[in-house]
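**Student:** A single structure is presented below for examination.
In full-length UniProt numbering, the protein residues as written are 1 to 412.
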């Protein structure tokens with residue numbers, strides 16, 4: 001029950017191997033014990049009864065990868081769910097792969113343009129970086145991710161007209177535990193803005209089983225790695241990893257693995273670290289491709305010191321913190337400049353941008369601090385007034401109307 005099957009007799013099964021039940025439902029072997037094998041079931045387990053026959057497939061979980069996947073919406077196993085038939089020419093790649101070693105990597109040095117002035121100037125992201133987008137629900141995390149995808153359209157169009165195709169950034173969007181209506185709305189935005197042409201959407205919705213929600217990020221990563229390993233550039237968005245951790249907790253507890261802090265299993269850190277380490281900038285000898293990861297984490301009441309947020313913050317190369325208070329004040333994107341940081345992105349920032357934005361972060365931090373005290377007193381000295389005026393102007397300059405929300409407003 002609960003999507004877990006205990007099977008005996010599979011003596012030589014591999015860890016992570018796919019199995020097939022007599023009803024046609026597939027599963028994956030996660031627990032290898034003396035007496036039996038703990039198998040998590042992909043899909044409905046209602047047709048599985050005691051005494052059912054289970055067959056080994058002999059293969060570790062693999063998904064289709066390649067340029068044929070662009071423009072498609074697939075599930076966690078790479079099966080198309082957009083009604084446009086099967087995927088044409090493709091090769092298969094294992095969902096679990098080893099991250100590139102130190103020798104195969106190169107330090108991040110090329111900028112990834114997001115289209116947001118606040119991000120590109122204050123927390124720049126480089127190709128091959130891992131930048132966390134963190135914030136409470138309804139603070140615009142997904143909006144930032146969608147706009148980053150839409151912003152790559154210009155380079156894609158110019159590459160089609162014969163410009164430098166090496167600058168094209170292919171996009172993989174992984175939806176984990178979201179409503180089907182939300183995913184459908186997102187796909188509609190991408191297709192109507194012609195952004196789906198250079199994107200892949202991997203969807204494991206809230207109605208899908210926990211094993212599929214757990215697997216979806218790894219499947220999306222395997223699809224992104226195809227571009228990285230073939231000298232191309234890709235960005236992958238995991239929306240969001242807190243739901244993957246919850247799905248993994250559910251599976252682990254049902255498999256009787258010992259719980260730890262917040263009832264998460266002991267290897268929940270490894271769950272995310274092995275996924276995010278696969279995002280890298282390849283060295284020139286290995287093709288110079290890159291995979292940039294933008295994981296999203298949803299916090300509860302702004303608590304960034306909870307278990308999963310602190311885990312992912314320590315794995316990534318920086319974070320963009322979004323705040324509810326700023327969002328409700330109409331500051332979009334609602335980025336808290338003081339808490340947001342990009343540890344390696346400054347090396348990838350354009351020199352001109354670096355010169356212009358050098359003192360921005362400090363000035364904005366000072367402005368936010370002084371603005372809080374300025375509410376209490378009316379007699380402010382001239383330097384403080386100048387700081388407040390400059391800070392207010394800077395905040396206005398850095399505000400960006402999100403393309404995705406504008407598009408939705410026009411549609412409705």
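Ideal placement from N, C-alpha and C gives every residue a C-beta, glycine not left out.
Please say whether residue 364 and residue 196 have beta carbons closer to each other than 9 angstroms?
**Tutor:** No, Cβ-Cβ distance for residue 196 and residue 364 is not below 9 angstroms.
**Student:** Considering only residues of the same chain and omitting the five flanking positions on each side of residue 12, which have a CB-CB separation below 7 angstroms?
**Tutor:** Contacts found: none.
**Student:** Which residue wins for smallest C-alpha separation from residue 60, given the options 29, 100, 105 and 236?
**Tutor:** Closest option to residue 60, Cα to Cα, is 29.
**Student:** Do residue 326 and residue 335 have their CB atoms nearer than 9 angstroms?
**Tutor:** Result yes, Cβ atoms of residue 326 and residue 335 sit closer than 9 angstroms.
**Student:** Do residue 114 and residue 157 have their C-beta atoms closer together than 9 angstroms?
**Tutor:** Going by C-beta atoms, residue 114 is not nearer than 9 angstroms to residue 157.
**Student:** Roughly how many angstroms lie between the CA atoms of residue 354 and residue 119, to the nearest whole one?
**Tutor:** Taking the straight line joining both Cα atoms gives about 13 angstroms.
**Student:** Counting only runs that start and end within the stretch 46-121, where is the beta strand (DSSP E) found for 3 or more residues in a row?
**Tutor:** Correct list: 54-60, 62-65 and 91-94.
**Student:** Between the C-alpha atoms of residue 176 and residue 34, what's the straight-line distance to the nearest angstrom?
**Tutor:** Going from the Cα of residue 176 to the Cα of residue 34 covers about 33 angstroms.
**Student:** For residue 238 and residue 339, what's the separation of their Cα atoms in angstroms?
**Tutor:** Roughly 21 angstroms between the two C-alpha positions.
**Student:** Give me the Cα-Cα distance between residue 236 and residue 202, rounded to the nearest whole angstrom.
**Tutor:** Those two C-alpha atoms are separated by around 10 angstroms.
**Student:** Between 105, 166, 64 and 108, which has its C-alpha nearest residue 488's C-alpha?
**Tutor:** Shown here, the chain extends from 1 to 412; a query on residue 488 therefore has no answer.
**Student:** Output the distance between the C-alpha atoms of residue 217 and residue 383, rounded to the nearest integer angstrom.
**Tutor:** Residue 217 and residue 383: Cα-Cα distance of roughly 50 angstroms.
**Student:** Compute the Euclidean distance between the alpha carbons of residue 345 and residue 302, then round it to the nearest angstrom.
**Tutor:** Using only the alpha carbons, I get a separation of about 25 angstroms.
**Student:** Assign residue 407 to one of three DSSP states: helix, strand, or coil.
**Tutor:** Residue placement at residue 407 is flagged as unreliable, the pLDDT there being 49, under the threshold of 50; the coordinate-derived value follows with that caveat. It is helical.
**Student:** With a CB to CB cut of under 7 angstroms and the five nearest residues on each side skipped, what residues in its chain are close to residue 256?
**Tutor:** No residues qualify anywhere along the chain.
**Student:** Does the pairing of the stretch 220-236 with the stretch 288-303 give three or more beta-carbon distances under 8 angstroms?
**Tutor:** Yes, they touch.
**Student:** Throw me the rounded Cβ distance for the residue 40 and residue 7 pair, which I believe falls under 8 angstroms.
**Tutor:** In fact, because the Cβ distance is near 11 angstroms, the residues do not count as touching under 8 angstroms.
**Student:** Measuring only the C-alpha atoms, how far is residue 111 from residue 350?
**Tutor:** Cα to Cα, residue 111 sits roughly 7 angstroms from residue 350.
**Student:** For residue 21, write down the residues that DSSP places opposite it in a beta bridge.
**Tutor:** Answer is 54.
**Student:** DSSP three-state call for residue 147: helix, strand or coil?
**Tutor:** Note: residue 147 maps to helix in three-state DSSP.
**Student:** So, residue 173 versus residue 70, is the Cβ gap smaller than 9 angstroms?
**Tutor:** Cβ distance not < 9 angstroms, so residue 173 and residue 70 don't count as in contact.
**Student:** According to DSSP, residue 318 sits in a beta bridge with which residue or residues?
**Tutor:** Its beta-bridge partners are 342.
**Student:** On the criterion of 16 or more Cβ atoms from any shown chain inside 10 Å, does residue 410 qualify as buried, or is it exposed?
**Tutor:** Only weak support is given to the placement of residue 410: the predicted model assigns it a pLDDT of 42, under 50, and the value that follows is read from those uncertain coordinates. Residue 410 should be labelled exposed.
**Student:** Would you tell me roughly how many angstroms separate the C-alpha atoms of residue 380 and residue 394, rounded to the nearest one?
**Tutor:** Distance between the alpha carbons of residue 380 and residue 394: 20 angstroms.
**Student:** Excluding five sequence neighbours on each side, which residues of the same chain lie with their C-beta closer than 7 angstroms to the C-beta of residue 307?
**Tutor:** Result list for residue 307: 261, 262 and 264, in chain order.
**Student:** Quick one: any contact between the stretch 86-102 and the stretch 273-284, if contact means 3 or more CB pairs under 8 angstroms?
**Tutor:** Short answer: they touch.
**Student:** Strictly under 9 angstroms for the Cβ-Cβ distance: is residue 311 near chain B by that measure?
**Tutor:** The structure shown contains no chain B; it is built from a single protein chain.
**Student:** State buried or exposed for residue 228, treating a residue as buried only when at least 16 other CB atoms are found within 10 Å of its CB.
**Tutor:** Result: buried.
**Student:** For residue 204, collect the residues of the same chain with a Cβ closer than 6 angstroms to its Cβ; drop the 5 residues on either side in sequence, then sort them by chain order.
**Tutor:** Around residue 204: 76, 176, 212, 213 and 216.
**Student:** Does the beta-carbon distance from residue 117 to residue 398 come in below 9 angstroms?
**Tutor:** Yes. Within cutoff.
**Student:** Please go through the same chain and pick out, in chain order, the residues whose beta-carbon is closer than 7 angstroms to the beta-carbon of residue 36, but skip the five residues on each side of it.
**Tutor:** Cβ within range, chain order: 6, 7 and 8.
**Student:** Which whole-angstrom value is the C-beta distance of residue 324 and residue 136, which I expect to be below 8 angstroms?
**Tutor:** Contact holds; Cβ gap of about 5 angstroms.
**Student:** By a C-beta neighbour count over all protein chains shown, 10 Å radius and 16 as the cutoff for buried, is residue 49 buried or exposed?
**Tutor:** Looking at its Cβ environment, which holds fewer than 16 other Cβ atoms inside 10 Å, residue 49 is exposed.
**Student:** For residue 18 and residue 285, what's the separation of their Cα atoms in angstroms?
**Tutor:** Whole-angstrom Cα-Cα distance: 35 angstroms.
**Student:** Among the candidates 332, 91 and 183, whose CA atom is the shortest distance from the CA of residue 396?
**Tutor:** Comparing Cα-Cα distances from residue 396 to each of 332, 91 and 183, the minimum goes to 332.
**Student:** Does the Cβ-Cβ distance between residue 220 and residue 189 come in under 9 angstroms?
**Tutor:** Going by C-beta atoms, residue 220 is not nearer than 9 angstroms to residue 189.
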